[in-house]
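>
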Amino acid sequence: MHSHRLLFLFGFTCVLTLVAIGQQVQDTLSGSSDDVVVTATRTERKFGNVAVPVTVIQKQAITATQLRRLNELLQEQTGIFVTSGSGSGSFGGGIFGNGAQLQGMSPEYTLILINGEPIVGRQGGTLNLSRLTLGNIKRIEIVKGPSSSLYGSEAMGGVINIITEMPATPQVQLNAKAGGYGLADVNAEGTYANDKTRLQLAYNYYRMGAIDFDETQYGNQHDPFNAHTAQLNMSHAFSNRLKLVAYGRYYYEKSDNAYEVPDPNLHPVRISGNTTINDANVNTSLLYSVSKKVKTALRLYATGYHSSQQLIQDSDKSDYYTDDFRQQFYRIENQTDITLPANNTLSAGGGWVYEKLNTTRYEGMRDNSIVYGFVQNEWRPSDKVNLIGGLRYDVNREYASRFSPKLAVRYSPTKKLKLTASYGAGFKAPDFRQLYLSFVNNASGGYAIFGANEISIATLQQMQQQGFVATILPKAYDMQQLKPEVSRGFNLGALYTFCEKLQAEANLFNNDIENQILFDVIALRANGSQVFSYFNVQRSFTRGAEVNVRWYALPGLQVSGGYQLLFTGDKAVVDQIEAGKMYGREESTNDVYKMTRSDYYGLPNRSRHMANLKLLYTHAPTGWQVSVRGAWRNAWGTFDRDGNGVITRDDEKAPGFLLLNAAVSKNFGKRYTLAVGAENILNHRDPENLPNIPGINAFVSFSVLLQKQNHHTK
Amino acid sequence: MKVASSLVAFIGLSALLISCGKDVTTPNTVPDVVTVTNLYADTTTGFSPTGRPIGRNEFTYFSLRENKIITGADTLTNKWDIAFKQFYIKVNGGTNATGGGNAAAAVLNTDFALYKKVDLPNTAFAQDNGATWAINPMPGGWYTYSTTTFIALPIPGKTFVIRTADGRYAKMEILSFYKDGVTPATSASPAEKALKQFFYQFRFAFQADGTVDF
Numbered sequence: 182m183h184s185h186r187l188l189f190l191f192g193f194t195c196v197l198t199l200v201a202i203g204q205q206v207q208d209t210l211s212g213s214s215d216d217v218v219v220t221a222t223r224t225e226r227k228f229g230n231v232a233v234p235v236t237v238i239q240k241q242a243i244t245a246t247q248l249r250r251l252n253e254l255l256q257e258q259t260g261i262f263v264t265s266g267s268g269s270g271s272f273g274g275g276i277f278g279n280g281a282q283l284q285g286m287s288p289e290y291t292l293i294l295i296n297g298e299p300i301v302g303r304q305g306g307t308l309n310l311s312r313l314t315l316g317n318i319k320r321i322e323i324v325k326g327p328s329s330s331l332y333g334s335e336a337m338g339g340v341i342n343i344i345t346e347m348p349a350t351p352q353v354q355l356n357a358k359a360g361g362y363g364l365a366d367v368n369a370e371g372t373y374a375n376d377k378t379r380l381q382l383a384y385n386y387y388r389m390g391a392i393d394f395d396e397t398q399y400g401n402q403h404d405p406f407n408a409h410t411a412q413l414n415m416s417h418a419f420s421n422r423l424k425l426v427a428y429g430r431y432y433y434e435k436s437d438n439a440y441e442v443p444d445p446n447l448h449p450v451r452i453s454g455n456t457t458i459n460d461a462n463v464n465t466s467l468l469y470s471v472s473k474k475v476k477t478a479l480r481l482y483a484t485g486y487h488s489s490q491q492l493i494q495d496s497d498k499s500d501y502y503t504d505d506f507r508q509q510f511y512r513i514e515n516q517t518d519i520t521l522p523a524n525n526t527l528s529a530g531g532g533w534v535y536e537k538l539n540t541t542r543y544e545g546m547r548d549n550s551i552v553y554g555f556v557q558n559e560w561r562p563s564d565k566v567n568l569i570g571g572l573r574y575d576v577n578r579e580y581a582s583r584f585s586p587k588l589a590v591r592y593s594p595t596k597k598l599k600l601t602a603s604y605g606a607g608f609k610a611p612d613f614r615q616l617y618l619s620f621v622n623n624a625s626g627g628y629a630i631f632g633a634n635e636i637s638i639a640t641l642q643q644m645q646q647q648g649f650v651a652t653i654l655p656k657a658y659d660m661q662q663l664k665p666e667v668s669r670g671f672n673l674g675a676l677y678t679f680c681e682k683l684q685a686e687a688n689l690f691n692n693d694i695e696n697q698i699l700f701d702v703i704a705l706r707a708n709g710s711q712v713f714s715y716f717n718v719q720r721s722f723t724r725g726a727e728v729n730v731r732w733y734a735l736p737g738l739q740v741s742g743g744y745q746l747l748f749t750g751d752k753a754v755v756d757q758i759e760a761g762k763m764y765g766r767e768e769s770t771n772d773v774y775k776m777t778r779s780d781y782y783g784l785p786n787r788s789r790h791m792a793n794l795k796l797l798y799t800h801a802p803t804g805w806q807v808s809v810r811g812a813w814r815n816a817w818g819t820f821d822r823d824g825n826g827v828i829t830r831d832d833e834k835a836p837g838f839l840l841l842n843a844a845v846s847k848n849f850g851k852r853y854t855l856a857v858g859a860e861n862i863l864n865h866r867d868p869e870n871l872p873n874i875p876g877i878n879a880f881v882s883f884s885v886l887l888q889k890q891n892h893h894t895k
Numbered sequence: 025m026k027v028a029s030s031l032v033a034f035i036g037l038s039a040l041l042i043s044c045g046k047d048v049t050t051p052n053t054v055p056d057v058v059t060v061t062n063l064y065a066d067t068t069t070g071f072s073p074t075g076r077p078i079g080r081n082e083f084t085y086f087s088l089r090e091n092k093i094i095t096g097a098d099t100l101t102n103k104w105d106i107a108f109k110q111f112y113i114k115v116n117g118g119t120n121a122t123g124g125g126n127a128a129a130a131v132l133n134t135d136f137a138l139y140k141k142v143d144l145p146n147t148a149f150a151q152d153n154g155a156t157w158a159i160n161p162m163p164g165g166w167y168t169y170s171t172t173t174f175i176a177l178p179i180p181g182k183t184f185v186i187r188t189a190d191g192r193y194a195k196m197e198i199l200s201f202y203k204d205g206v207t208p209a210t211s212a213s214p215a216e217k218a219l220k221q222f223f224y225q226f227r228f229a230f231q232a233d234g235t236v237d238f
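Those sequence lines, one after another, are chains U and C. Residues 182 to 895 in the working numbering are what the first sequence lists, from first letter to last. Residues 25 to 238 in the working numbering are what the second sequence lists, from first letter to last.
1. How many angstroms separate the CA atom of U:Gln241 from the CA atom of U:Ile318?
2. Strictly below 8 Å CB to CB, what residues from chain U border C:Leu177?
3. Could you give the residue range of the beta strand (DSSP E) that holds U:Val857?
4. Taking all protein chains shown into account, do 16 or more other C-beta atoms lie within 10 angstroms of the C-beta of U:His403, making it buried, or fewer, making it exposed?
5. Would C:Trp104 and C:Val131 qualify as a contact pair, given that the criterion is a beta-carbon distance under 9 Å?
6. From the beta carbon of U:Asp404, is the nearest beta carbon of chain C less than 9 Å away?
7. Please list the residues of the stretch 752-784 of chain U that have a C-beta atom closer than 8 Å to any C-beta atom in chain C, keeping them in chain order.
8. Helix or strand or just coil, what does DSSP make of C:Glu216?
9. Go through its chain and collect everything with a Cβ distance to U:Lys682's Cβ below 6 Å, but skip five positions before and after it.
10. Scan the stretch 82-151 of chain C and note each continuous beta strand (DSSP E) run of 3 residues or more that stays entirely inside, going in chain order.
11. Starting from U:Phe613, trace the alpha helix (DSSP H) both ways and give me its first and last residue.
12. How about C:Lys128 and C:Gly117: are their beta carbons less than 9 Å apart?
13. If you run the structure through DSSP and keep just helix, strand and coil, what is U:Val881?
14. How would you call U:Phe849, buried or exposed, if buried means at least 16 neighbouring beta carbons within 10 angstroms?
15. Candidates C:Trp157, C:Phe230, C:Gly205 and C:Ile93: which alpha carbon is nearest C:Asn120's?
16. How many angstroms separate the CA atom of U:Ala581 from the CA atom of U:Asp751?
17. So U:Val556 packs on U:Leu572, CB below 8 Å; how close in whole Å?
18. Determine the contact status of U:Tyr431 and U:Thr410, defining contact as a CB-CB distance below 9 Å.
19. Which residue's Cα is closest to the Cα of C:Lys114: C:Asn91, C:Phe86 and C:Asn133?
20. Helix, strand or coil: how does DSSP classify U:Met660 here?
21. Spell out a yes or no on whether the stretch 707-716 of chain U and the stretch 772-779 of chain U are touching, meaning 3 or more CB-CB pairs, one atom from each, closer than 8 Å.
22. Under 9 Å between C-beta atoms, does U:Leu871 make it to chain C?
23. Are the stretch 719-726 of chain U and the stretch 682-699 of chain U touching, with three or more C-beta to C-beta distances below 8 Å?
24. Regarding U:Ser466 and the ligand PLP, is the C-beta to nearest heavy atom distance less than 8 Å?
25. State buried or exposed for U:Asp500, treating a residue as buried only when at least 16 other CB atoms are found within 10 Å of its CB.
26. Tell me, please, which residues DSSP counts as bridged to U:Phe700.
27. To the nearest angstrom, how far is it from the Cα of U:Glu559 to the Cα of U:Thr526?
28. With a CB to CB cut of under 8 Å and the five nearest residues on each side skipped, what residues in its chain are close to U:Ser496?
29. Does DSSP put C:Met162 in a helix, in a strand, or in coil?
30. Based on the DSSP secondary-structure assignment, which residues constitute the bridge partners of U:His487?
31. Show which residues of chain C have a CB atom less than 8 Å away from the CB atom of U:Tyr628.
32. For chain C, check one thing: does any of its Cβ atoms lie closer than 9 Å to the Cβ of U:Thr652?
33. Considering only residues of the same chain and omitting the five flanking positions on each side of C:Asn102, which have a CB-CB separation below 7 Å?
34. Determine the extent of the alpha helix (DSSP H) in which U:Met644 is found, giving its start and end residues.
In structure tokens:
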């Protein structure tokens with residue numbers, strides 16, 4: 182790609198320029214320990230000083246689970262609801278793969294980063310997390326609550342940042358896992374490291390066979406697929422002051438599709454084909470210490486996503502469906518951190534984003550650009566207190582600009598207690614679909630949906646003259662430029678260390694979401710079918726509490742558990758219920774009843790209760806390790822069945838379940854590890870609501886680590 | 025069509041009352057609630073080459089008094105009160121009506137079973153004039169249609185009060201758009217859903233004695 186090359190050229194020019202200026206000062210970025218968090222403030226901070234809700238999952242914890250995909254790992258974490266390929270798409274997300282909800286906010290509001298840079302390629306708003314391998318990850322940082330003051334669009338509900346590993350010693354690691362349902366995962370990593378340079382290459386192969394709950398029916402609940410991930414990680418210190426970090430990733434996935442559709446006489450017609458996904462990202466960062474007090478980073482990022490589906494009718498090989506979707510995203514950003522007098526640390530930066538989309542679903546190519554600036558100051562009047570204030574301004578070509586503030590405070594009255602309070606704002610820009618979709622569904626009644634930028638009263642009137650539209654409805658006159666969806670979140674947290682062995686934390690959260698984009702009918706066609714467009718209409722809330730406890734119960738035994746209580750709702754629905762205007766219908770009798778607040782089960786795809794319990798036992802002398810994890814969630818809403826548009830009845834919910842996973846591993850010397858285990862031990866199967874979770878699945882895994890003894894002193 | 029058997033007796037009785045009785049204050053004529061199932065309302069008869077469901081584009085005319093479908097030349101009279109075509113429900117009143125009746129309707133947000141007396145001013149009733157329908161055919165009014173699941177559902181608590189072609193009152197509630205009153209599974213194919221839809225199930229009470237009590 183031409184623009185890729187330009188970016189690199191620009192990057193390397195910058196390298197050369199900066200090499201020339203920066204020669205002698207100490208590299209303050211080295212020597213980071215594992216308890217560092219970068220996502221909360223975009224600067225390295227000790228976990229204990231962070232003032233917003235953060236979860237950090239370290240490599241050892243990931244390894245102990247023997248899990249291989251990000252969605253599998255996240256569904257075991259407190260307060261993260263991983264959607265499962267079903268459920269209402271309008272707000273809950275989920276018909277498009279496994280997305281992650283944070284604090285009950287939809288997956289489309291969770292920003293997913295690798296090494297601080299966003300992954301693109303969302304389908305219906307959801308980024309499918311099974312695209313992301315857990316191989317060569319150093320840690321995963323999850324910031325819950327609106328975080329757009331640092332990250333801009335999409336960080337409405339929170340941020341998941343995957344930090345890849347960069348070992349300091351040369352090593353080669355091989356890892357293979359095999360299980361039922363045709364599961365195979367092979368991971369190979371090789372690292373070269375010396376005083377100045379580190380280079381890592383990693384390759385991952387992952388496949389899963391078909392998940393077919395009903396063999397009498399043609400087709401599968403989950404189609405077989407295989408995926409390849411190649412990664413390159415490198416860093417080079419030109420001097421104590423100047424460092425280059427580069428990361429590249431390429432992903433390819435292919436799934437085989439086969440299913441039946443009924444023809445008009447309900448005779449089955451077989452459809453087959455395949456879906457491919459290509460996804461690549463490259464980021465290059467230059468980190469330069471201007472002085473002991475001033476550090477600056479220049480980040481160049483390019484990513485692209487391409488999905489394509491080709492389906493044919495088996496009988497006559499005729500085309501049935503073709504879909505092609507290409508997205509590109511480029512970003513240039515600078516961030517400068519300055520240590521100021523009186524214990525202030527100032528971070529300021531700005532950047533430019535160019536985004537491009539080309540798909541069969543819209544007319545032609547669409548692009549957009551964003552310019553943004555942000556500033557954040559952290560003040561530490563004493564060891565006990567830090568105060569963070571930040572704001573970001575995004576100026577956008579295609580829709581209204583957005584200002585995102587943040588305020589956070591930490592107060593530690595004693596060494597054992599940390600209290601935090603934070604307020605943050607988030608936004609999600611109207612996506613290309615909401616702006617540019619141009620879709621006429623001939624299969625289901627001929628309805629049409631147009632993105633907000635594709636339609637106006639003038640174009641509707643034109644369509645009326647051309648006979649496409651018969652009647653323009655009053656709602657059409659409400660059409661206006663789409664505004665970003667916005668959230669405001671409050672968090673109140675406490676972390677208490679009872680003793681070295683026992684630590685508990687609790688967090689209360691409240692998120693108000695406004696300007697949510699939904700579609701509504703703007704016109705009618707001659708055959709009575711409807712024409713839709715998008716509006717900023719919905720207001721909703723998510724609130725609740727999260728508790729986590731970690732206890733080193735016995736030598737070698739770590740017990741951890743977590744719980745989230747969650748209440749969500751559409752504010753307009755709550756108003757209607759309180760005004761006595763909402764009814765429900767009994768399934769058995771068809772009788773209606775007036776709804777009360779307790780009849781309303783909130784937004785779809787949310788469990789009110791989620792809990793997990795994890796036991797990890799390590800016997801270092803013999804090399805045995807046992808990991809048992811249970812993650813439970815109660816019923817969650819799927820689809821309305823009684824016509825009131827909200828979740829009330831039990832037949833509108835998926836049953837709750839307990840997912841029990843376990844792994845036992847044994848080290849043979851320092852080099853070899855053998856592990857066996859099983860996922861979904863209780864064999865919970867729910868084809869309609871959890872099509873991606875097969876029954877009990879046993880596995881065996883083997884890994885080899887060849888490590889050169891480190892002679893270097895860092 | 026399934027019809028409650030007691031209705032036959034009821035219709036006979038009420039017809040008798042109307043023909044010979046002038047005592048409209050008689051309080052003991054609370055009409056029965058009748059449930060009608062599988063009233064076809066332009067059901068899907070085929071699909072276009074692109075897969076779009078096609079019907080005959082015809083209304084089905086219905087008499088509340090008689091509890092039966094009205095066909096042929098009678099559809100041009102005031103023998104029918106209400107007619108169904110897909111999501112369109114028209115009354116025999118207004119410029120769109122073919123029967124020349126003076127029927128009208130009001131859509132209320134109230135519990136059908138608990139609605140015992142018509143207490144509406146005349147201005148609350150509307151007729152079908154051009155693009156303005158007494159019973160709004162748009163989703164979100166008295167029914168929902170999901171473009172995710174392709175399932176149509178009547179909104180609970182929506183009660184139609186109908187002034188019939190001959191000036192009597194009825195209350196009515198739509199229960200289902202689907203064959204036998206059974207909503208297809210969410211996972212059923214769009215084609216299967218299309219083939220089973222526009223078989224109305226509804227319940228109504230028709231007050232034949234000219235009072236406004238149910």
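No residue lacks a Cβ here, since even glycine has one placed at the ideal position from N, Cα and C. Bear in mind the structure is a predicted one, so any value in this text is a computation, not a measurement.
In short, the structure shows the following:
1. 10 Å
2. Asp821, Arg822, Asp823 and Gly824
3. Tyr853 to Glu860
4. buried
5. no
6. Among the residues facing chain C, U:Asp404 is not included, as its CB has no counterpart in that chain under 9 Å away.
7. Lys762, Met763, Tyr764, Gly765, Arg766, Asn771, Asp772, Val773, Tyr774 and Lys775
8. helix
9. Annotation for U:Lys682: Tyr733 place their beta carbon closer than 6 Å to its own, counting only its chain and skipping 5 residues before and after.
10. 84-87, 92-94, 106-109, 112-115 and 128-133
11. Phe613 to Tyr617
12. Note that residue 128 of chain C is Ala in the sequence shown here, rather than Lys. Yes; because the gap between Cβ atoms is below 9 Å, this pair is in contact.
13. Reduced to three states, the DSSP call for U:Val881 is strand.
14. exposed
15. C:Trp157
16. 24 Å
17. 6 Å
18. yes
19. C:Phe86
20. It is coil, neither helix nor strand.
21. no
22. no
23. yes
24. This structure lacks the ligand PLP, and indeed carries no ligand of any kind.
25. exposed
26. U:Tyr715
27. 5 Å
28. Excluding sequence neighbours, U:Ser496 sits near Val450 and Arg451.
29. coil
30. U:Asn459 and U:Arg507
31. For U:Tyr628, the chain C residues whose Cβ falls inside 8 Å of its Cβ are Thr171, in order along the chain.
32. yes
33. Asn116, Gly123, Gly124, Gly125, Ala189 and Asp190
34. Ile638 to Gln647
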